[in-house]
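Some notes on the structure that comes next.
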């Protein structure tokens, strides 16, 4: 499958009478977007705000981050199964608004959403301090159940991202990248001497508020399967979860999956990037056994020489991670894990809740328990009402002088387990 | 699969008590793990992952575990202790002890959210067990 991603660099976002993109500036009239959100009668009201890099702004509680895109050539549309039909995506041409993001915010459950600081020490930890952010804060109707609210905000985010993405239709991109995967036989013939490498991505699928969707399907109900990484780029995988902010994979990171990006960069040079395999992280132990068996079998059937394995979350998913690693290695397929660590505030405890000798090649996104002090910022988009409650905070978080003492856990994508974060040991 | 639910979540007990066997634990999350560990050493088999939810043990006070029925005779049970269950519950207790204890939240809105999430993740496991 061959996908062209046309990149339109957004240099500013402004509220205006007319929604449009002109000379790299995204002009938005919130009145154009409100009906798109409010078509779901579970949402009572919505307000939009803009946060720019370097501004003294804190966004919290953050739920999802989405990159607006539009499909201009080829089958299907963005976010298949949600805003578009379920045609197979991943080929043709897609335009992406680079340098910006749509951030959905507001309280869903009071402890699993994140923080994005646009300036200060916290900003260095989140990739979303570098994007121009259009923030959407939704208010649910009275008495709405948490999971219904999560679904409503999730879907509204995709609709709004698609609406903004539509503004790019007809615009000449600043840059175009081409990504191409080949058929199995075709790839072997074209790159006979290159190692065959796959990417196994574990999707968060523990239950309500902890789910990921593939073409609209709840991924905990799938058995592991093969997809083209270009399908992921077109929004075939979306986030529907409220797990710890630091190692949650927001939709934006699925769309811009750095493992896929890096494997494509080496495709045809040092490796033959064969495909992406998706699997899940269910809570039921027999499901874990089944899925890891299937994943290992797929790796073997595809005659892979090596794979990169990424996870989402801590605890329960660590068991899937290790099961996958063990079984895939046992098939003779070299496995490299990308994860993060919960090694305690001093970094001295065991990093993962599970381990095995087969996990001998591990890349870490950092220690989520590391403590950081965030300064008081001038403006909060959303609310600080829950700041003492979110994962990585404590009753001592909000200090008298307005500063926050938190673990990196609270910062969106700080220790991302697909390697989208900026932490480094260098 | 025949199972019972070991929980300290009153919402789970209330909602599932009429249709399922509930063993209610008065206490915190660690108490549920310790009780489960005892039952596992008597032959019970763990069916869901004790660290589900990516909700860290020092953050949520609630936990609900699905366990396959314990054997009645102690001798028979000792012969059939499930090593994977022993390993998982042992790891869970260690993780619990590793995280610094936090003052438990008393905010009823947050407590209710924790209960709801716990119950929904329990149901996610039950859905697989009931297939």
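Chains as they are written, first to last, in my numbering: chain E, 5 to 430; chain B, 8 to 138.
Where is the CB? At the ideal position from N, CA and C, for every residue including glycine.
All of these numbers come straight from a predicted model, not from anything done at the bench.
Over what stretch of residues does the beta strand (DSSP E) that includes residue 31 (chain E) continue unbroken? 29-32
Determine whether the Cβ of residue 123 (chain B) lies closer than 7 Å to any Cβ atom of chain E. yes
With a 10 Å radius around its C-beta and 16 neighbouring C-beta atoms as the bar for buried, classify residue 90 (chain E) as buried or exposed. exposed
Cα separation between residue 94 (chain E) and residue 397 (chain E)? 39 Å
Bridge partner(s) assigned by DSSP for residue 280 (chain E): E:203 and E:231
With 16 as the cutoff for other CB atoms within 10 Å, does residue 331 (chain E) come out buried or exposed? buried
According to DSSP, is residue 326 (chain E) helix, strand or coil? helix
Would you say the beta carbon of residue 153 (chain E) comes nearer than 6 Å to a heavy atom of the ligand PLP? Ligands displayed in this structure: none; no statement on the ligand PLP is therefore possible.
Contacts that residue 393 (chain E) makes with chain B (C-beta to C-beta distance below 8 Å): 112, 114 and 117
Quick one, are the C-beta atoms of residue 216 (chain E) and residue 416 (chain E) less than 7 Å apart? no
Below-7 Å beta-carbon distance, residue 132 (chain B) vs any chain E residue: yes
Which runs of the beta strand (DSSP E), 3 residues or longer, sit entirely within the stretch 255-305 of chain E? 276-284
Starting from residue 62 (chain E), trace the beta strand (DSSP E) in both directions and tell me its first and last residue. 61-70
What does the Cβ neighbour count give for residue 428 (chain E), buried or exposed, with the cut at 16 atoms within 10 Å? exposed
Which of the three DSSP states, helix, strand or coil, is assigned to residue 179 (chain E)? strand
I want to see whether chain E comes within less than 7 Å of residue 21 (chain B), judged by CB atoms only; does it? no
Looking only at its own chain, which residues have a Cβ that is under 6 Å from the Cβ of residue 333 (chain E), when we skip the five neighbours before and after it? 339 and 362
Closest to residue 245 (chain E) by CA distance: which of E:207, E:228 and E:219 is it? E:207
Residue-level contact to chain C via CB, residue 59 (chain B), 7 Å cutoff: Going by chain labels, chain C is absent from the structure shown, which instead holds the protein chains E and B.
Rounding to the nearest angstrom, what Cα-Cα distance links residue 37 (chain E) and residue 33 (chain B) in this structure? 49 Å
Put residue 318 (chain E) into one of helix, strand or coil per three-state DSSP. coil
How would you label residue 35 (chain E), buried or exposed, when you count the other beta carbons within 10 angstroms and need 16 or more for buried? exposed
Buried or exposed for residue 360 (chain E), going by 16 or more other Cβ atoms inside 10 Å? exposed
Out of E:248, E:247 and E:260, point me to the one whose CA is closest to residue 240 (chain E)'s CA. E:260
Taking residue 133 (chain B) as part of the alpha helix (DSSP H), name the residues at either end of that continuous run. 115-136
Can you grab the Cα-Cα spacing for the pair residue 135 (chain B) / residue 273 (chain E), in whole Å? 44 Å
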